[in-house]
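Student: Below is a structure I'd like to ask you about.
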Ligand SMILES: Nc1ncnc2c1ncn2[C@@H]1O[C@H](COP(=O)(O)OP(=O)(O)OP(=O)(O)O)[C@@H](O)[C@H]1O
Ligand SMILES: Nc1ncnc2c1ncn2[C@@H]1O[C@H](COP(=O)(O)OP(=O)(O)OP(=O)(O)O)[C@@H](O)[C@H]1O
Ligand code: MOO
Ligand SMILES: [Mg+2]
Ligand SMILES: [Mg+2]
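Chains as they are written, first to last, in our numbering: chain F, 610 to 844; chain L, 2 to 367; chain W, 2 to 367; chain Z, 766 to 996; chain V, 766 to 996.
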């Protein structure tokens, strides 16, 4: 069967590699259509020819569920991610967890800004805001943010040195040589970062689609997931 | 009536208010710069809608403000030679010429060759308009309008850009056109000798109104129009009949007051035609001059002496049933003691009444 | 020499190859449509670079192909009245007129009023060019060029769009301009009577080459140029001196062969001027005619009889030291038994030699 | 620069196809609308003008979203097209062409409109006096004279269509081989760690194509302009 | 339509400011470049033309990224501007104006260029014979005659600048009151479920502004065209 996966853009590579391996065993053809979760969700609601939706946050999946556009039975959390504070310049990763009182603002020069994704729109930004709030940093930093339209753009700001610091996913930080991790936000400082998948109600071959999703949650996947820097979920 | 016009149109401070009827043949629109000639011609062509009035050609109403009726430009079948050539820059001369024929579904080549030959544009057929001189472009424009086979031709100073020899080549063609096809023409010109040669009817405009309208004969002989036409152009137009062609190349014409000898005219014996005699070309003598090169000496009677400004006077002479004007000096008038009733002779050279001022193929009253 | 031109330029199939020197005064460029007049004038103005050659005005080299030298258009101080008016559509008439003055930093109003008055465009000053008739626009264009105070004025058929009365109003102004300011003018025209009236020097072009170049007197009297000028324009130009003004409005002129009486000429006693006498206005008589309105009867001798096409002949008459041409019929020539050496009289009306053909303010040889 | 995978090449081919058809299909309508705007006075002229310019003014995402609402499978127009003619635009390359065409439309119309306005109405008048109907005048005088403008506009529209991203991805998503054009592929590369190299290669390719188009446009327009100007 | 919070209104005001200055600043350069392209033959003309069109052809994000590379704090131009003139573009509304101006530039140049090409060189020749230098001819003949084109181009550029999103947010990100323009705000609203209402309100506002601008442009251009045509 041919399965079309509407995937949050950040998950394209991990899903593509997983799909390649899965295709060999199952014989199913898998096409990945990467875009922002919000765009994809709306398209699915409008009857897009997607068999599977992988969202970067649960909200858009909820939104589709309300519209009966995905099958709740098939919904599953696929993997997670960590939120990290990054700094411009290469260097050893300081993987220390950030704690309340860390005073990120003090590490910014007077003109400097902290790069994040849109804090009230894009998942990475929403998580960042939650984390900063729970660490008591939000008040000080809110006026000092440079909010990008997606997390990759925030990463680019730090990589180019336009912003000395930024908050991105661990997956992004790992692959960018021009930034180093300056600290990791505690898992409980923000809602859990979950990439969730489900089969759409319009899927041409819901069985095959569900099988692929199950495989992603199964025992072969964690290796691939970890290789791309995502966090496999505990069973 | 071929063309019946009655239009009013306001343009800025200028008010056009013109009504006239034009018979078959060539009607000249004459008037000073800014008198409204182009505006009027545009209204006839349908390029500018009058505020008010009516335009009809050969009985068909083309425009009627009251009836809200207006035939679209392209359906009027009115050819227009503009003051500027307005050739299509993207088409070569040949295709410019054939444009109207194609639009009207007429077949082309024969007519094209004929017209191109006559207008001297045959060598230009493959050129683009950008590579033509001013006069060449205007000739192409004339050809283009002719070839569209209109039922009325509007010409807005079509020959102004042409040199005299070229003018003299084209004028006979326009004359022949008028004679052969009877194509009625509304002809705007400043050039009275052109007008005299072509026009059967003249409409004189002044400040947007018709100052005078009538047969060419009447208007060209009208001393009251001298201020519009210019002193040098004052004269008379006579109707003549071809009496015979002589061996030495002269043509004998019969007029009411005698005979006129002119350089050969291409018209059959018995043909009626019009002759224009400029006032300044007429000499008045009180005895018949002998041994003189002027061949035309006609007995006349002074009807009136009009004094103008300056040292000249206009003597109106009765020659048979016709009136001839002679522009002479006051001194001569006194020396010769000319006054109303004086018997005298009107002396004219043959060549002064040259073919330019001979209008051929005069139609019997339309 | 005021203007020295020696240019070669290829345009498509057309080859311009012209060299002449023009003295002070008005030089007329005369030639048939397509003979290269506009192309030449453009080369002088700097609007089109010749392939080769040299252009100099009043000793300053404006263009020299060999030296790779070319003064930019705006620095040439050459006024140009184009064949089409080319008014600036976004400026009203007043600002069109003042454009050149502003560009050259000249103060304006006085000169403007003067020129506007003379050209009859004073009522149009506030108008936009789009609201002008063809002739009005051309008058503004003339004014605009004059007001820029050029050292040489190029005029490409500037009066073609004007009616006769308007032409006759503007011509004296151009004459006065020539007389008063000595502004040299290169004047393109098809109209020989304009040329005769204005030009001191004439260059005749034919197919891109100079057919003849010389003083107006010589060229206008040259029977070999009749084919270019047209038969009707053949004639002679004589130099005359004002002998006196008479009470009845006539002016007496002295020429080598006697006296001429003309309608009053506005020139001082003793002034030298030029008179053009058209061949077709001259009557030949073998005995002195009496009781005739023609005031000018000069004793003459036949120098030559030239036969052309048709029934006419041109008789070249010796009148004092001048040559006069008379266009008469062959029949008259035979009747009068005219042949070389025949003693005769040249008879001319005063008004036939009207002011249009009188050139005033002749400069002593430049 | 990195060598590109087959998906990327697929995107290049698809982009060319999408841009070509988008331009071609937009042309007749573009000429008609430009003519209306340039030469006809009618009520609603301002509105039409505004409508045409919308895609230029709106953020492309909004245009894409509106397209999705209107031309999607569930959208009123999309559904009708499907019902009546069996035409599906949503999530097909035809939809990508629609999005690209709509985004490029204002550029096309403007270029053509300016060209039309530059045509001397006196020439059209002259043609009318020679017996040519309005349609014929347009076809034989106006159209040839605006050809340089039309060509320039078309190639600009083509270039724009090649570069269109926001509206396309929002309307027809980013399905490899069907709707994934060069810009969508660039986006996809940029969204994952380590994709910058491939993205840059695609940028260079699309630049090369666009530049080639622009040069072609200049050259063509100059040639045609010379012909049209009667030189 | 939802009522908007103060932030949204701030975005509206900011957008107007950004678009206004972007257009104003782009104008002289746009006229100069258009003149060069229309009337001067020089080597590299094709290249300049291509360069001007780049922002139209590239996905806006790429343009934004290139701006960041060049005009960011660390970018060579950005650093130099900061050093020499104390001008900072990064994360400032001035940077947003730069991005908007660059995205709108090709539209401006095209409109002006077409207008210049429509000016009859014979008029410029006539001006030269009257003693006007090339500069003066431009200022007193060419410029007034192209005014309708310039106005139309400027207002189009303004509208485009109002709608610019991708390059702006990539270059100067989204700082409320400093760089958050209407499109950024719309984008943000569209990213979250249920944000459509607020987004649509902003769309309507920006539409209203853009339409007003277009109407103004048509009206102005027509008036000026009439004046310029000498009617
Ligand atoms: N659009 C316009 N707005 C205002 N006045 C105009 C307009 N067009 C022409 N006029 C005026 O109308 C009058 C008549 O113009 P028209 O062009 O008909 O004259 P014309 O007799 O053809 O002159 P010419 O012999 O110089 O060509 C002129 O006074 C002119 O100034
Ligand atoms: N761009 C061009 N390419 C080719 N031939 C041209 C070009 N411009 C003019 N010609 C030709 O050059 C010749 C001279 O043209 P020019 O305009 O100088 O004539 P002119 O004497 O001014 O004529 P007119 O009295 O009709 O204005 C003509 O035969 C014309 O066809
Ligand atoms: O994975 Mo996202 O929705 O592009 O931030
Ligand atoms: Mg007129
Ligand atoms: Mg010429």
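Ideal placement from N, C-alpha and C gives every residue a C-beta, glycine not left out.
#1: Taking only the alpha-carbon atoms, compute the straight-line gap between residue 333 (chain W) and residue 239 (chain W) and give it to the nearest angstrom.
#2: Cβ-heavy atom distance between residue 34 (chain W) and ligand 2 below 7 Å?
#3: Tell me the rounded alpha-carbon separation between residue 842 (chain V) and residue 849 (chain V).
#4: To be precise: take each residue of the stretch 880-907 of chain Z, compare its Cβ to all Cβ atoms of chain L, and keep it if any distance is under 9 Å. Which residues remain?
#5: Could you check what DSSP says for residue 18 (chain L) in three-state terms: helix, strand or coil?
#6: Helix, strand or coil: which one does DSSP assign to residue 346 (chain L)?
#7: Could you check where the alpha helix (DSSP H) with residue 811 (chain V) kicks off and where it finishes?
#8: By how many angstroms is the C-alpha of residue 773 (chain V) removed from the C-alpha of residue 972 (chain V)?
#9: Do you know whose CA, among Z:873, Z:818 and Z:776, lies nearest residue 946 (chain Z)'s CA?
#10: Under 8 Å, Cβ to Cβ, is there at least one residue of chain V near residue 50 (chain W)?
#11: Buried or exposed: which applies to residue 887 (chain V), given that a residue is buried once 16 or more other Cβ atoms fall within 10 Å of its Cβ?
#12: Within a Cβ cutoff of 7 Å, which residues of the same chain sit near residue 781 (chain Z), ignoring the five residues on either side of it in sequence?
#13: Going along chain W, which residues have a C-beta under 7 Å from residue 134 (chain L)?
#14: Could you tell me the distance, in whole angstroms, from the CA atom of residue 717 (chain F) to the CA atom of residue 864 (chain V)?
#15: Cα separation between residue 349 (chain W) and residue 246 (chain W)?
#16: Can you tell me whether residue 133 (chain L) sits near ligand 2, meaning its C-beta is under 7 Å from at least one heavy atom of the ligand?
#17: Confirm, please, whether the CB-CB distance from residue 909 (chain Z) to residue 91 (chain L) is below 8 Å.
#18: So, does the CB of residue 722 (chain F) fall closer than 8 Å to a CB anywhere in chain V?
#19: What does the Cβ neighbour count give for residue 897 (chain V), buried or exposed, with the cut at 16 atoms within 10 Å?
#20: In whole angstroms, what separates the C-alpha of residue 274 (chain W) from that of residue 110 (chain L)?
#21: From the DSSP output, read off the bridge partner residues of residue 317 (chain L).
#22: Among the residues of its own chain, which have a CB less than 6 Å from the CB of residue 814 (chain F), if the five just before and after it don't count?
#23: Is residue 796 (chain F) helix, strand or coil by DSSP?
#24: Measure the C-alpha to C-alpha separation of residue 116 (chain W) and residue 143 (chain W) and round it to an integer number of angstroms.
#25: Counting only beta-carbon atoms, is residue 824 (chain F) nearer than 8 Å to chain A?
#26: Measure from the C-beta of residue 79 (chain W) to each C-beta in chain V and report whether the shortest distance is under 8 Å.
#27: Closer than 7 Å to a non-hydrogen atom of ligand 5 - does that hold for the CB of residue 84 (chain W)?
#28: Since residue 919 (chain V) and residue 846 (chain V) should fall inside the 8 Å C-beta cutoff, what is the C-beta to C-beta distance between them, to a whole number of angstroms?
#29: So who's on the other strand from residue 631 (chain F), going by DSSP bridges?
#30: Of all the beta strand (DSSP E) runs that stay within the bounds of the stretch 262-302 of chain L, which reach a length of 3 or more residues?
#31: Could you tell me which residues DSSP puts in a beta bridge with residue 70 (chain L)?
#32: Using a Cβ distance threshold of 8 Å, determine whether the stretch 197-206 of chain W contacts the stretch 18-33 of chain W, with at least three qualifying pairs required.
#33: Which term fits residue 991 (chain V), buried or exposed, when burial requires 16 or more other beta carbons within 10 angstroms of its beta carbon?
#34: Under a three-way DSSP split, which group does residue 779 (chain F) fall into?
#35: Can you give the beta carbon distance from residue 889 (chain V) to residue 905 (chain V), rounded, assuming they're within the 8 Å contact cut?
#36: Once the 5 residues before and after residue 925 (chain Z) are set aside, which same chain residues still bring their CB inside 6 Å of it?
Tutor: Let me lay it out:
#1: Going by the C-alpha atoms only, they are around 25 Å apart.
#2: yes
#3: Distance from the CA atom of residue 842 (chain V) to the CA atom of residue 849 (chain V), rounded to whole angstroms, is 10 Å.
#4: 885, 887, 888, 890, 891, 892, 893, 894, 895, 896, 897, 898, 899, 901, 902, 905 and 906
#5: strand
#6: strand
#7: 810-822
#8: 15 Å
#9: Z:776
#10: Not one chain V Cβ lies under 8 Å of residue 50 (chain W).
#11: exposed
#12: none
#13: 34, 35 and 39
#14: 26 Å
#15: 19 Å
#16: yes
#17: Closer than 8 Å, so yes.
#18: yes
#19: buried
#20: 55 Å
#21: Partner residues in the beta bridge of residue 317 (chain L), as assigned by DSSP, are L:305 and L:326.
#22: 610
#23: helix
#24: 9 Å
#25: Within the model displayed, chain A is absent; protein chains F, L, W, Z and V are what it includes.
#26: yes
#27: yes
#28: Going by Cβ atoms, the distance from residue 919 (chain V) to residue 846 (chain V) rounds to 25 Å, so no, they are not a contact pair.
#29: Its beta-bridge partners do not exist; DSSP assigns none.
#30: 273-279 and 284-286
#31: L:65
#32: yes
#33: exposed
#34: helix
#35: Residue 889 (chain V) to residue 905 (chain V), Cβ: 10 Å. No contact.
#36: 869 and 872
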